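First comes the structure, then the notes that go with it.
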Amino acid sequence: MRDTPLSNCERDFLLKAIQEKKRLDGRQTYDYRSIKISFGTDYGCCFVDLGKTRIMAQVSCELITPKENRPNEGLIFFNIELSPMASPAFEMGRQSELLVKLNRQLERCLRNSKCIDTESLCVVSGEKVWQIRVDVHLLNHDGNLMDAASIAAIAALCHFRRPDVGIQGEEVTVYSTEERDPIPLSIYHMPICVSFSFFQQGTYLLVDPCEREERVMDGLLMIAMNKHREICSIQSSGGIMLLKDQVLRCSKIASVKVSEITELINKALENDKKARKTGGKFGFAESLPQERITALKTDVSHVEMSDVKEKANEIVQRAEVPPQTVPSPVLTAPGTGQVGEGLENSWGLKEEEEEEEEDETVELKMELEEGHEEKGRGNYLPKFCFPWVSETDSPGPRSVCAVFYGHSLQDSTE
Amino acid sequence: MGDVFSFQMPESITDSKPEKVVCGPGLRRNGDEVLVCKSGILRHKQPNLYWIDSQQRRYVPGKGESVIGIITAKSGDIFKVDVGGSEQASLSYLAFEGATKRNRPNVQVGDLVYSQFIIANKDMEPELVCIDSCGRANGMGVFGAGGLLFKVSLGLVRRLLAPQSEIAKDLEKMFPFEIVVGMNGRVWVKSKTIQQTLIVANLLESCENMTAQQRQTLFRRVADGSI
Chain A
1 MRDTPLSNCE RDFLLKAIQE KKRLDGRQTY DYRSIKISFG TDYGCCFVDL GKTRIMAQVS
61 CELITPKENR PNEGLIFFNI ELSPMASPAF EMGRQSELLV KLNRQLERCL RNSKCIDTES
121 LCVVSGEKVW QIRVDVHLLN HDGNLMDAAS IAAIAALCHF RRPDVGIQGE EVTVYSTEER
181 DPIPLSIYHM PICVSFSFFQ QGTYLLVDPC EREERVMDGL LMIAMNKHRE ICSIQSSGGI
241 MLLKDQVLRC SKIASVKVSE ITELINKALE NDKKARKTGG KFGFAESLPQ ERITALKTDV
301 SHVEMSDVKE KANEIVQRAE VPPQTVPSPV LTAPGTGQVG EGLENSWGLK EEEEEEEEDE
361 TVELKMELEE GHEEKGRGNY LPKFCFPWVS ETDSPGPRSV CAVFYGHSLQ DSTE
Chain B
1 MGDVFSFQMP ESITDSKPEK VVCGPGLRRN GDEVLVCKSG ILRHKQPNLY WIDSQQRRYV
61 PGKGESVIGI ITAKSGDIFK VDVGGSEQAS LSYLAFEGAT KRNRPNVQVG DLVYSQFIIA
121 NKDMEPELVC IDSCGRANGM GVFGAGGLLF KVSLGLVRRL LAPQSEIAKD LEKMFPFEIV
181 VGMNGRVWVK SKTIQQTLIV ANLLESCENM TAQQRQTLFR RVADGSI
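Here the protein sequences line up with chains A and B, keeping their order. Heads up: the first sequence is residues 1 to 414, going by UniProt numbering. Heads up: the second sequence is residues 1 to 227, going by UniProt numbering.
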């Protein structure tokens, strides 16, 4: 399927707005969108929301034979996938330029910076080493995939635990999660990518472009840094000419942003650790009630529960007693008879009964009750169906997710 | 398929029993029963009109609906227009007011057009025109310089276009602006300054899930703190 084309008026408006330093969602030039990091039930599963862009990263490991020229180092393998649910422009199975670019950038950022100690992944030198595999799936595309992918990958790597290994002489035992606690990877530093988009031949600069801004940009500068102000990789695409002080300024901005994001990741990891230790609920299913079908906020509204019980009792009282079905011989034609179930269709009777019961309820109230029964714990219900439904009051700590708010018009309305 | 329910006539209306019940979008007739085929709130308009108010964003072309399209290609005598549906619609260059074979309309790729469907069914390619049955433009045609185009859900668009739309009335009190609403969920807004245009666009996008009261409080807050 094709993506919606960008009309001329949108392009003109966006460029004019950028010249006046205005962005579509009310952010400032150097503001990031709100970042939300949540972890799944398995170790190594991480979801990152960067505004509406949504990415999932999953880390897994297996034992393989190492490379011949590096017998005591483990291997790390990165894989980004653009799911067709992210954007109508993505097709399954087709190697697009964007996919290749993202894969290369993620590899350069994480592998070449040597953020993970690969020697600690060695089990038996020359024979068995751990191969860590990071799969990154794009779930929704609203711009700035690289940043979100790098945050998801590094958060998932920090969250991951590999099985413990015991070596006794020649014997190597891999303990399962039940036998011994899995151990985390040894990570030296956390490189995070920050993207800068340039407009009008480098005159105007925006941090964290959303999808529409990406479509009208001239070029993109991506800087991967860690919080110790070490640059792990720089990439400039789009063919624009940048001045030296522009690049220096971008790196200064990047260092500020990276330290903020690193703090966010650490806080999220800590919250998740606390939740797991206290036995509270954690994981993707628990973060679901926070998710909304639309990205915009809605206020908590309470279900009017005061007279639900009475209504139910009233209905039960008003309903008629179902007729007893007494098997009696049915004479279908002279000379023949029939006892018990069979040809005679008794379903028609029951249908009329149900309709009578339904007639006695008003339509809206009926919808409310049906929805109430289906709700069960009341965790998740589509908001557009029942706008008067209450938010869940799940007891588990919601602090699994850490939230970072930039300045935006929506936030000022809360 | 969804729930099956039947109607209970309120006691007050006994004299005028409507003979036919008109089922609007989201409801489907199946013999004697009425089936719900979309999730949403059931709405009723006197005397006999029922429909489901749903939150859908995907547009399916319907005959007679006015939509905002984006020109994607010029091929021979027709323009290819993207309306947000599964297929691109075609718009003949003669379907503009005052257009003849010698006098071609000034339409470029990437322009916005406000047009109506004359053919829109599941078996044929949809077709658009920018004139009405008398040959007059009647507000349709190319537009859009200087404004902002954005997408909302179809339910919000229907609420905006309703004859006594409260949202439109609340918005009018804020500041003057031009607005074009397409039934395919696309809305175009233009105001005096870029900031005002952005404000109107963001307000409309956030109106979707709000009750009337929340919306009015929000509009009042913005009006008080406006530039």
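For each residue, glycine too, the CB sits at the ideal point set by N, CA and C. Remember, it's a predicted structure, so these values are computed and weren't measured experimentally.
CA-to-CA distance, residue j to residue i, given in whole angstroms
i, j, result
"residue 245 of chain A", "residue 163 of chain A", "47 Å"
"residue 230 of chain A", "residue 259 of chain A", "11 Å"
"residue 190 of chain B", "residue 178 of chain B", "5 Å"
"residue 277 of chain B", "residue 162 of chain B", "No answer is possible for residue 277 of chain B: it lies beyond the span of chain B, which begins at 1 and ends at 227."
"residue 5 of chain A", "residue 110 of chain B", "8 Å"
"residue 217 of chain B", "residue 82 of chain B", "37 Å"
"residue 170 of chain B", "residue 149 of chain B", "20 Å"
"residue 118 of chain B", "residue 182 of chain B", "15 Å"
"residue 390 of chain A", "residue 32 of chain B", "Legend: pLDDT at residue 390 of chain A = 38, less than 50; position of this residue unreliable, value from coordinates given subsequently. About 36 Å."
"residue 159 of chain A", "residue 268 of chain A", "10 Å"
"residue 137 of chain B", "residue 2 of chain A", "30 Å"
"residue 192 of chain A", "residue 130 of chain A", "24 Å"
"residue 212 of chain B", "residue 192 of chain B", "27 Å"
"residue 39 of chain A", "residue 175 of chain B", "45 Å"
"residue 141 of chain A", "residue 182 of chain A", "34 Å"
"residue 291 of chain A", "residue 26 of chain A", "Because the pLDDT of residue 291 of chain A is 49, which lies under 50, any placement of that residue in the model is unreliable, and the number read from its coordinates should be weighed accordingly. Straight-line Cα distance between these residues: approximately 22 Å."
"residue 175 of chain A", "residue 167 of chain A", "11 Å"
"residue 73 of chain B", "residue 41 of chain A", "49 Å"
"residue 71 of chain B", "residue 79 of chain B", "7 Å"
"residue 29 of chain B", "residue 120 of chain B", "22 Å"
"residue 42 of chain B", "residue 53 of chain B", "6 Å"
"residue 66 of chain B", "residue 199 of chain B", "25 Å"
"residue 90 of chain A", "residue 102 of chain A", "14 Å"
With 16 other Cβ atoms within 10 Å as the buried cut-off, status of residue i
i, result
"residue 143 of chain A", "buried"
"residue 188 of chain A", "exposed"
"residue 77 of chain A", "exposed"
"residue 20 of chain B", "exposed"
"residue 373 of chain A", "Note on residue 373 of chain A: pLDDT 42, under 50, position unreliable in the model; the coordinate value appears next. When all chains shown are included, residue 373 of chain A counts as exposed."
"residue 124 of chain B", "exposed"
"residue 84 of chain B", "buried"
"residue 263 of chain A", "exposed"
"residue 103 of chain B", "exposed"
"residue 64 of chain A", "exposed"
For residue i, the first and last residue of its enclosing alpha helix (DSSP H)
i, result
"residue 9 of chain A", "8–19"
"residue 170 of chain A", "Segment: none, residue 170 of chain A is in no alpha helix (DSSP H) and carries neither H nor E."
"residue 24 of chain A", "Segment: none, residue 24 of chain A is in no alpha helix (DSSP H) and carries neither H nor E."
"residue 83 of chain B", "First-last for residue 83 of chain B: undefined, no H or E at that position."
"residue 146 of chain A", "145–159"
"residue 219 of chain B", "212–224"
"residue 133 of chain B", "Note, residue 133 of chain B: premise wrong, no alpha helix (DSSP H); not H, not E."
"residue 206 of chain B", "194–206"
"residue 168 of chain B", "166–172"
"residue 215 of chain A", "211–216"
Where residue i falls: helix, strand or coil (DSSP)
i, result
"residue 154 of chain B", "helix"
"residue 101 of chain A", "helix"
"residue 72 of chain B", "strand"
"residue 78 of chain B", "strand"
"residue 184 of chain B", "coil"
"residue 185 of chain A", "coil"
"residue 137 of chain A", "strand"
"residue 148 of chain B", "strand"
"residue 132 of chain A", "strand"
"residue 108 of chain A", "helix"
"residue 221 of chain A", "strand"
Unbroken beta strand (DSSP E) run spanning residue i, endpoints
i, result
"residue 271 of chain A", "First-last for residue 271 of chain A: 244–277, but that is the alpha helix (DSSP H), not the beta strand (DSSP E)."
"residue 30 of chain B", "27–30"
"residue 53 of chain B", "49–53"
"residue 52 of chain A", "Element bounds for residue 52 of chain A: n/a, residue is neither H nor E."
"residue 81 of chain A", "75–82"
"residue 62 of chain B", "Neither: residue 62 of chain B is in no beta strand (DSSP E) and is coded neither H nor E."
"residue 42 of chain B", "41–45"
- What are the residues of the UniProt domain "K Homology" (147–194) of chain B that lie near chain A, defined by any Cβ-Cβ distance shorter than 7 Å? 147, 148, 149 and 194
* Asked: What residues in the stretch 8–29 of chain A have a beta carbon less than 8 Å from any beta carbon of chain B?
  -> 8, 9, 10, 11, 12, 13, 16, 17, 20, 22, 24, 25 and 26
>> If the cut-off is 7 Å on Cβ atoms, which residues from the stretch 62–78 of chain B count as contacting chain A, listed in chain order?
In response: 70 and 72
Taking only beta carbons into account, state which residues of the UniProt domain "Exoribonuclease phosphorolytic" (32–163) of chain A come closer than 8 Å to chain B, listed in chain order. none
Q) Name the residues in the stretch 195–207 of chain B whose C-beta lies less than 8 Å from a C-beta of chain A; which are they? A) 195, 197, 198, 199, 201, 202, 205 and 206
- Task: Output, in sequence order along the chain, the residues in the stretch 197–210 of chain A whose CB is closer than 9 Å to any CB in chain B.
- Result: none
Along the stretch 131–145 of chain B, where does the CB come closer than 7 Å to a CB of chain A? Name the residues. 144 and 145
Next item on the list: Report the residues of the stretch 74–105 of chain B with a CB closer than 9 Å to any CB of chain A, ordered along the chain.
Entry: 82, 84, 86 and 88
Members of the stretch 105–120 of chain B near chain A, C-beta cut-off 8 Å = 108, 110, 111 and 112
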